[in-house]
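Report on the following structure.
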Amino acid sequence: RSQIKKIISKDSRFVQLDKALAKKGWKVVLLTRLSPVLPSSVLNYGFSLTKVNFWQYLFFSWLGMIPVIGLYVYVGAFGANLTDPERNPGGIILQVIGLAVTIGLVIYTTRMAKRILSQDEAEAAKAQGKA
């Protein structure tokens, strides 16, 4: 962290982000984990460079990954049921509806997380301009 921080600290955006994560890190961790679009490995490395509290990172990462893991399990079970030779057509219709609802919820939470993060970023920029 210390060597990479020296390199990155030259960028004022990173310094600003690091300060925001020290204050509201749990919120950012939770919202980024809710999005299945952001790769976990990149987030892990990125958060390790910041001052986010470890226990908040651990708990809110776990909490935020539960819905995404649920989506992956649901999609896997749905695919397995489609290949079952003794499948029930009524059950498949319910699964298609469930899949559509699940995808809709993932899109909604991703957009919500993006909106909240951009609002927090705008507030931080406004506070930085006043300071």
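Heads up: the sequence shown begins at 6 in the numbering used here, then just goes up one per residue. From the three backbone atoms N, C-alpha and C, an ideal C-beta is built for every residue, glycine too. A quick note: this is a predicted structure, and the numbers were derived from the prediction, not measured.
Secondary structure of residue i, DSSP reduced to three states
i: Asp125; result: helix
i: Thr37; result: helix
i: Asp89; result: coil
i: Asn49; result: helix
i: Thr55; result: coil
i: Asp23; result: helix
Alpha-carbon spacing of residue i relative to residue j, whole angstroms
i: Ile12; j: Asn49; result: 19 angstroms
i: Phe52; j: Val78; result: 26 angstroms
i: Leu104; j: Val80; result: 7 angstroms
i: Ala82; j: Asp89; result: 11 angstroms
i: Lys29; j: Leu43; result: 19 angstroms
i: Lys32; j: Leu39; result: 11 angstroms
i: Ala25; j: Phe64; result: 18 angstroms
i: Asn58; j: Ile98; result: 45 angstroms
Pair within 8 angstroms by beta-carbon distance, residue i and residue j
i: Val34; j: Ser66; result: yes
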